Amino acid sequence: MKFPDPHDVKAQTIPGTEGWERMYPYQYQFVTDDPVRNQYEKEMFWFHDGLHYPEPLYPFDTIWDEAWYLALSQFNNRIFMVPPVRGVDHRVINGYIYISPVPVKNPDEIGSRVPHFMERAGYYYKNWDALEKKWKVKMEAAIRELEKLEIPRLADMEDIAVVNDAIGESKGYHLLKNYDDLINLGIKCWQYHFEFLNLGYAAYVFFLDFVQKLFPSVPAQRVTQMISGIDVIMYQPDEELKKLAKLAIELGVDGLVTSSQEWTEVEAALKKAPKGVEWLTSLNLSRQPWFNVSTGTGWFHHDRSWNDAMNVPLNGIQTYIQKVKQGVNIERPTEQVRAERDRITAEYRGLIESEADRKQFDELLGCARTVFPYVENHLFYVEHWFHSVFWNKMREVAAIMKEHGVINDIEDVWLLRRDEIKQVLWDIVTAWATGVTPRGTQTWPKEIEWRKGVMQKFREWSQPPAIGTAPEVIQEPFTIVLWGVTNSSLTDWAAVAEVKDPGSVKEFKGFAGSPGIVEGKARVCRTVDDVRSLQEGEILVAPTTSPSWAPAFAKIKACVTDVGGVMSHAAIVCREYGMPAVVGTGHATKIVQTGMTIRVDGSTGVITVAR
Amino acid sequence: MREDAPQVCWFEEVRKEDVALVGGKCSSLGELIRAGVRVPPGFALTTHGFARFMRDAGVSGEIPGMLGGVPHDDLGRLEDVSQAIRAMIEEHPFAWELEDAIAEYYRRLSVRCMVPAVPVAVRSSATAEDLPGASFAGQQDTYLWIRGVDDLLHHARRCISSLFTARAISYRIKMGFPHEDVALSVGFQKMANSYAAGVMFTLNPGNGDRSVIAIDSNFGFGESVVSGEVTPDHFVVNKVTLDILERTICNKEITYTVDLKTQKSVKIETPFERQDTQSIIDEEIIELARMGKAIEKHYGRQMDIEWAVDKDLPAGGNIFILQARPETVWSEKRAKESTESASAAKAASAMDFILSSLLTGKKVS
């Protein structure tokens, strides 16, 4: 299957964005001046990583892309020696990230990697639980280190302690060093992120593969259901909200908690009441670490955590208070979920004809169930907890840059690459030490304005879903399971005539995330803040959802997302609530408007729009 | 057979072991009812009732004489004797107690169905022990849309007389099977006045996937689906979770329905505006799949099932199973494969499986 040539796509520069390449690392560019690299780029298959980046990437946010570019690839190719695959290569066009799995082509080399893979991956599979415990310790230590990291302001006169304790170092030096430490902690945390993930996905994807060979019609969501954990850490933030809702009623402060949609007003009112203070103490216990959950995926600087946006959890608590008072049971039906999981597993197992296949099923199921908790739980540690703290530390760095006049607004910092920020900090500390004005005060604000314009033009560009040449076989497990690169998705991509007129679409498709059919009024929520306007019984249409959206699911009767697979948050939660979900539709938020009547078929993945 | 065995009985009073009493067809209907499956209600004239009729009609006594010395390959003479015997049977009334019993069962059936003089299908139900090679059991006589006691009795006699076609007589002579040992049951079953009907497999006939139930459906009687005269609507339902996985709505140009004048099934053109609409609603699809699952469980194997949605009865109790038999194509194929590969197949460790899967990769284009 042939897709557009990457160099042709890149050559059509959007007017007014000339020179945009300097916003991203140079090795991310498709090139024409290097014949060997140019040929390689033509022959490879590049697909847009819409799963992680539905929008163009800010220069600073490229940090996590580079982090996983390194981490995923090294674990595949240099640590576990996965025989037929190396890493996943990255490029950027107009702010959109394109990725490509790199195979090992020489059969002899593949063969020579096999014993190493068996030894190394085998060690992890065999000692999974013990190693995962170690991982938690390492990860929590990294987060604590991050939380303690100080981003010092630069005083006109250094503290006397520097003299009395003979420290011999200035805050200027500390600022440079701690910025490096901050970045390095981020990269380290992403090293850990992939320590288990490749192997976890491999066990999952080949169990899925096995079951689908036995039962060609089995929906992937059912296979996922067989191995999903019940006590998944990502449910905890929502559990905390329910706990707080019940406590508010118990203490009789539910009236105060629901007195306003503004957290600051609610907090002030609670502080005046003794029972309110008691409730606030409980709340503060919940906030660390659970309110570090991001309101988005955690991948971007604009994904704020509950701790940053207290109105969001407040809204959730208020919803639950209302439910409890209406006599609705808000507990997760964990017993039912577990019983249904066991029933489904047993029934599918019972349908297997041969004894050998049944044994193979048991073997793979056992392995998949061992590895799957990590696949689900790492998200809270890395994308939510660590990232939420990290973005705020970066805002402290930005505050110093603003103080010294290099940027006009704290949120401007994301338009700089992280190595440019390091240069800016050098500019600032040398100017501070010397007593002169940083050069950047004259250059950066102008550049940032221009970059903002470029980002806007990038957003308006329609990125092709795939470019280059599709291979016949894909062996890289992430590519298959996470991005859903399959024969049928490639066909869809090839056929995707960009939706020119979203107003005319009557029917569109996504992945069947959770079964059932529902018809109702749609409500488009672009961010978690919009969740407040949701009415009971509406159908939620969102770019994607994350655990901080959890309270929304208590109100809606179906969910549709632009981005995500059968393992995405929306699909998992809807399966638990027993309501339909269609995920990864690509354009739902563009096609559907609030108030439209839509029909969601969560078994076939089809959305019908009644106009 | 015991002397006190009933001459007439309800389907639900028999089970699959009762072939000697009510024949294969009626006993399997009884078995389905016992499995909790809804089948159109009905009753049977038992082999006991049949024997009584044959005695009363004097047929039992005269047949040996009429057939004595006729060679099995003298088709001309066989045909003459056949016609004589069949006329004797068809002209002879049932004993009044038997006629009364059938009339009473028929009356109660009509009440149950809430249809006065409910139309029934009258079918012969052969006892397999008596007639090996069930394919010519009374020539499988079936009479549809029969109403009123007199017509019921008349067609019951026609079913019985079909035991004495020239071919059946010839077969028995050849096999040395005594004619006086022949036994037959006759079933009287409410005609499913189907709004929609079709077939269902408790696997995917396309790929043998046992985790699904495949349903083909059209408006009207199931004949259009069974005969392949239309491309029916096609649904695939997850057997484990009972959700509809696939839904293909086809253009269905013809419908079989009853001609009220002749009380016969006729083929008509489906009204244009209905041709492309889904022939059964989702709730019915799921209810059917649930029934299919129960039938499969009861018989312990994949089944091929005929069903109908009755328009006389209220929703929730209007889906009927007309017939259920074992699916053969995939079952035989699998049985063969499993004996071939039984020794070779052994479960790989998860690690080995992952490795070999990684090496194979996924074909994407």
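These protein sequence lines are chains D and W, in that order. Counting from 1, one number per residue, gives the positions in the first sequence under this note's numbering. Counting from 1001, one number per residue, gives the positions in the second sequence under this note's numbering. Each residue gets a CB set at the ideal place from its N, CA and C atoms; glycine is no exception. Model, not experiment: these values are computed from the prediction.
Option in Arg-599(D), Pro-551(D) and Ala-581(D) with minimal Cα separation from Thr-295(D): Taking the Cα of Thr-295(D) as reference, the smallest distance to any Cα among Arg-599(D), Pro-551(D) and Ala-581(D) is reached at Pro-551(D).
Presumed contact (8 Å Cβ cut-off) between Glu-576(D) and Arg-332(D), rounded CB distance: That pair is a contact at about 7 Å.
N- and C-terminal bounds of the beta strand (DSSP E) containing Pro-103(D): Boundaries of the beta strand (DSSP E) harbouring Pro-103(D): 96 to 103, taken from the DSSP string.
Chain W within 7 Å of Phe-206(D), Cβ atoms only: Residue-level contact check: Phe-206(D) touches chain W, since one or more beta carbons of chain W fall below 7 Å from its beta carbon.
Cβ-Cβ distance between Val-382(D) and His-193(D) below 7 Å: Contact: yes.
Beta-bridge pairing of Asn-1218(W) - partner residues as DSSP gives them: Answer is Ala-1197(W), bridged to Asn-1218(W).
The segment 61 to 72 of chain D in contact with the segment 116 to 127 of chain D per 3-pair CB rule at 8 Å: Judged by Cβ distances under 8 Å, the segment 61 to 72 of chain D makes no contact with the segment 116 to 127 of chain D, as fewer than three pairs qualify.
Neighbour flag for Leu-1359(W) against chain D, beta carbons, 7 Å: Judged by the 7 Å Cβ criterion, Leu-1359(W) is in contact with chain D.
Ile-344(D), enclosing alpha helix (DSSP H) - first and last residue: For Ile-344(D), the enclosing alpha helix (DSSP H) starts and ends at 334 to 351.
Partners in chain D for Arg-1210(W), counting only beta-carbon separations shorter than 9 Å: Identification of chain D residues near Arg-1210(W) by a Cβ-Cβ cut-off of 9 Å yields Leu-214, Phe-215, Leu-351, Ile-352 and Glu-353, ordered along the chain.
Nearest residue (CA-CA) to Pro-981(W), options Gly-1024(W), Tyr-1143(W) and Thr-1046(W): Given that chain W is displayed from residue 1001 to residue 1365, the structure contains no residue 981(W) and the question cannot be resolved.
CA nearest to the CA of Pro-515(D), picked from Val-566(D), Leu-540(D), Lys-506(D) and Thr-469(D): If we check each option's Cα against that of Pro-515(D), Val-566(D) comes out closest.
Identified DSSP bridge partners for Trp-1010(W): Trp-1010(W) pairs with Phe-1043(W).
Distance CB(Thr-1222(W))-CB(Cys-1026(W)) smaller than 7 Å: The sequence given here has Gly at residue 1222(W), not Thr. No, the Cβ-Cβ distance between Gly-1222(W) and Cys-1026(W) is not below 7 Å.
7 Å Cβ cutoff met for Ile-110(D) and Lys-457(D): No.
Buried/exposed call for Lys-272(D), threshold 16 Cβ in 10 Å: Lys-272(D) counts as exposed, since fewer than 16 other C-beta atoms from the protein chains shown sit within 10 angstroms of its C-beta.
Opposing strand residues paired with His-48(D) [DSSP bridges]: According to DSSP, His-48(D) bridges with Tyr-98(D).
Buried versus exposed, by CB contacts within 10 Å (16 or more), Lys-1252(W): The Cβ neighbour count for Lys-1252(W), taken over all protein chains shown within 10 Å, is at least 16; the residue is labelled buried.
Spatial distance of Pro-115(D) from Pro-373(D) (CA atoms): For Pro-115(D) and Pro-373(D), the distance between alpha carbons rounds to 27 Å.
Among Leu-534(D), Val-473(D), Ile-591(D) and Ile-556(D), the one whose alpha carbon lies nearest that of Gly-503(D): For Gly-503(D), the nearest C-alpha among the options comes from Ile-591(D).
Beta carbon proximity, Leu-364(D) to chain W, threshold 7 Å: It does; some Cβ of chain W falls within 7 Å.
Three CB pairs or more closer than 8 Å across the segment 1048 to 1068 of chain W and the segment 1180 to 1198 of chain W: The count of Cβ pairs closer than 8 Å, one atom from the segment 1048 to 1068 of chain W and one from the segment 1180 to 1198 of chain W, reaches three, so the stretches are in contact.
Any C-beta of chain D under 7 Å from that of Asn-1207(W): Interface residue, yes.
Among Thr-608(D), Arg-22(D) and Met-579(D), the one whose alpha carbon lies nearest that of Thr-585(D): For Thr-585(D), the nearest C-alpha among the options comes from Thr-608(D).
Met-1303(W), DSSP secondary structure in three states: It is a strand residue.
Spatial neighbours of Gly-1317(W) in its chain, beta-carbon cut-off 8 Å, leaving aside the 5 residues before and after: By the criterion of a C-beta distance shorter than 8 Å, Gly-1317(W) is surrounded in its chain by Arg-1038, once the five residues flanking it on both sides are discounted.
Cβ-based burial, Met-157(D) [other Cβ within 10 Å; buried from 16]: Residue burial annotation: Met-157(D) is exposed, with fewer than 16 other C-beta atoms found within 10 angstroms of its C-beta.
Under 8 Å from the C-beta of Glu-1246(W): neighbouring residues of chain D: Under the 8 Å cutoff, chain D gives Ser-217 and Thr-604.
For Cys-559(D), the three-state DSSP class (helix, strand or coil): Cys-559(D) falls in the strand class under three-state DSSP.
Under the three-state DSSP convention, the category Leu-1245(W) falls into: Three-state DSSP puts Leu-1245(W) in a strand.
Close-in-space but distant-in-sequence residues of the same chain around Thr-264(D) (CB under 7 Å, 5 per side omitted): Around Thr-264(D): no qualifying Cβ.
Complete beta strand (DSSP E) runs within the segment 1278 to 1303 of chain W (minimum length 3 residues, chain order): Look at the segment 1278 to 1303 of chain W and you find no whole run of beta strand (DSSP E) that is 3 residues long or longer.
Beta-carbon neighbours of Gly-516(D), restricted to chain W and to distances below 9 Å: The answer, in chain order, is Asp-1243.
Proximal residues to Val-606(D) (C-beta, below 7 Å), its chain only, five neighbours per side dropped: These residues qualify, in order along the chain: Glu-507 and Lys-509.
Pairwise C-alpha distance: Gln-191(D) and Phe-80(D): Phe-80(D) and Gln-191(D) have their alpha carbons spaced roughly 14 Å apart.
Contact with chain D by Ala-1350(W), beta-carbon distance below 7 Å: It does: the Cβ of Ala-1350(W) has a partner Cβ on chain D nearer than 7 Å.
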